[in-house]
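The working numbering numbers the first residue of the sequence shown as 22 and each following residue consecutively. Here a beta-carbon is modelled for each residue, glycine too, at the ideal position from N, C-alpha and C.
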Amino acid sequence: MPIRAVTLEAVEAFMAERHKRLAFPDWLEQSYEAGRRQRRSRRLVANGKALIVVYNLFFAADWLLTPDTLAIAALLHFLIVTPWMLFAVRLFARAPSRGVREAVAASLPILVAAQVLTIFLLSRSPGAVHYQYLVLLVLMYANAIQWLSYRAAAAVSVVIFALHAVCLACSRAMPVEVAVLASAMIAATAYVTLAANRMLERDERRAFLQALRHRLRHEQTRIEATTDALTGLANRHRLRAKFAELWGEGAERTKSVAIVMLDIDHFKAFNDRYGHPAGDACIKRVTACALAELRGAEDLAARYGGEELLLVLPDAAIGVAVAVAERIRRGIEALGIPHELGGANRVVTASLGAAAAPIEAVSPDELVAAADAALYAAKASGRNRVVPPLVRSASAEPTPIGAARFG
22 MPIRAVTLEA VEAFMAERHK RLAFPDWLEQ SYEAGRRQRR SRRLVANGKA
72 LIVVYNLFFA ADWLLTPDTL AIAALLHFLI VTPWMLFAVR LFARAPSRGV
122 REAVAASLPI LVAAQVLTIF LLSRSPGAVH YQYLVLLVLM YANAIQWLSY
172 RAAAAVSVVI FALHAVCLAC SRAMPVEVAV LASAMIAATA YVTLAANRML
222 ERDERRAFLQ ALRHRLRHEQ TRIEATTDAL TGLANRHRLR AKFAELWGEG
272 AERTKSVAIV MLDIDHFKAF NDRYGHPAGD ACIKRVTACA LAELRGAEDL
322 AARYGGEELL LVLPDAAIGV AVAVAERIRR GIEALGIPHE LGGANRVVTA
372 SLGAAAAPIE AVSPDELVAA ADAALYAAKA SGRNRVVPPL VRSASAEPTP
422 IGAARFG
């Protein structure tokens, strides 16, 4: 099943449903992960470095509470657990995928808890009964500081509780009432920290949804302010912004820019004969023909008037502009939209005018005026044509006739 698009409507519909579960659907979860991946990785790096320092400082607890297993504790600390922590920090710095990142993050508190409980089980020192409570700090770190996802935190808590229960069952020296109290403290700590973890994740996800909705609303407002409602093309405001970009400071002054002006032939008669809904549908189909001939993201198509379209073709000579215009003209004619008052062919056609010049030689208004003059010449000479026209020779590329010159 394809992933649903992250649109304002989809986000608002999801928020209106007031889901109680933390997990998002796939189409939203991917956006959530993409937005936090780098930030989450940086946080794990910082927490991992702090964990390495604090964990090894607590080697003092082994010296004070379980001196009889100090050698084993040193082996576990410095040859197993700490190297794995260093590996994890280096891995987090690379911002790995979510599954790898969270699995490695979850392994850290489990490994530390396993080290603590191994020493607790092996030691015969009187202080071993107190040493086991270091597991409480591990749970706090995993669920509140390292801030695993709620599912991962719950899994880690269950694993640590189970490891502790197994150690209690294997330890015959501990009185039953002490064992029960210790288990109760582990369970209570897990519950409290998991509750805090869930609230933190819920608040983060709600904040993400609010921020996403705000961004999508802002983007929609921006698009509406720069887009023609009927055709989806750029409006005059966006067209002016494009001109400012091309003629602004730092622009390549020798670069040639082309303008193509398009006007649907006898469009008023079409509207009068077939009605405005048909006229709107006609403009949309003509727009599709124009968009199909744009060369890439740098080209811009704008609605310039009622049935007039304007194309901006950066880094294009007059020959390129005329070739694009001719393909559009043929495409519109090939649509075969019936038009009883549309000339000999009785279908909708269009007239197009093209002009091109280096940026340094002409202003945007002058270039538009030149393309408009070419359009007027196309209409005056019979419509359904491009001015300047395109001619072909047997051995040459298409060449425009009568291209406008500046300077």
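Asked: Would you check if the distance between the CB atom of T370 and the CB atom of E347 is smaller than 9 Å?; Found: no
Asked: Name the DSSP bridge partner or partners of G374?; Found: M282 and V408
Asked: Is L29 near R351, with beta carbons less than 9 Å apart?; Found: no
Asked: Where does T248 sit, in a helix, a strand or coil, going by DSSP?; Found: strand
Asked: Taking the DSSP output, what are the residues bridged to V121?; Found: DSSP, once it has assigned bridges, lists no residue as partnering V121.
Asked: With DSSP as the reference, label R324 as helix, strand or coil.; Found: strand
Asked: Quick one: any contact between the segment 332 to 340 and the segment 310 to 322, if contact means 3 or more CB pairs under 8 Å?; Found: yes
Asked: For A211 versus A165, is the C-beta distance shorter than 9 Å?; Found: no
Asked: Which two residues bound the contiguous beta strand (DSSP E) that contains P104?; Found: Careful: P104 lies outside any beta strand (DSSP E), inside the alpha helix (DSSP H) at T103 to A114.
Asked: Which word fits H297, buried or exposed, when buried means at least 16 other C-beta atoms lie within 10 angstroms of its C-beta?; Found: exposed
Asked: Specify, as a first and last residue, the run of the beta strand (DSSP E) that E329 falls within.; Found: E329 to P335
Asked: Under a CB-based cut-off of 9 Å, is A194 close to chain B?; Found: The structure shown contains no chain B, having only a single protein chain.
Asked: Just list the residues that DSSP pairs P379 with in beta bridges.; Found: S277
Asked: Decide if W84 is buried, meaning its Cβ has at least 16 other Cβ atoms within 10 Å, or exposed.; Found: exposed
Asked: Answer yes or no: do L112 and V121 have a C-beta to C-beta separation smaller than 9 Å?; Found: yes
Asked: Look up V368 in the DSSP assignment and say whether it is helix, strand or coil.; Found: strand
Asked: Return the residue from the list R257, A255 and E328 that minimises the CA-CA distance to F291.; Found: E328
Asked: Are the CB atoms of E245 and R294 nearer to each other than 9 Å?; Found: no
Asked: In chain order, what residues of the same chain have a beta carbon less than 7 Å from the beta carbon of L184, not counting five sequence neighbours either side?; Found: A134, A135 and L138
Asked: Who does A18 pair with in a DSSP beta bridge?; Found: Because residue 18 is not part of the residues shown, which for the chain are 22 to 428, the question remains open.
Asked: Classify F264 as buried or exposed, calling it buried when 16 or more other Cβ atoms lie within 10 Å of its own Cβ.; Found: buried
Asked: Out of A338, L230, V408 and S170, which one is the CA nearest neighbour of L65?; Found: S170
Asked: Might you give, ordered along the chain, the residues of its own chain that have their beta carbon closer than 8 Å to the beta carbon of M36, omitting 5 neighbours on each side?; Found: L230 and R234
Asked: Figure out for me which residue from A382, I349 and G363 has the closest Cα to the Cα of A375.; Found: I349
Asked: Helix, strand or coil for G300, going by three-state DSSP, please let me know.; Found: helix
Asked: Can you tell me which residues form a DSSP beta bridge with P46?; Found: The partner list for P46 (beta bridge, DSSP) is empty, contrary to what the question assumes.
Asked: Of the residues G357, T248 and A34, which one's Cα is nearest the Cα of V368?; Found: G357
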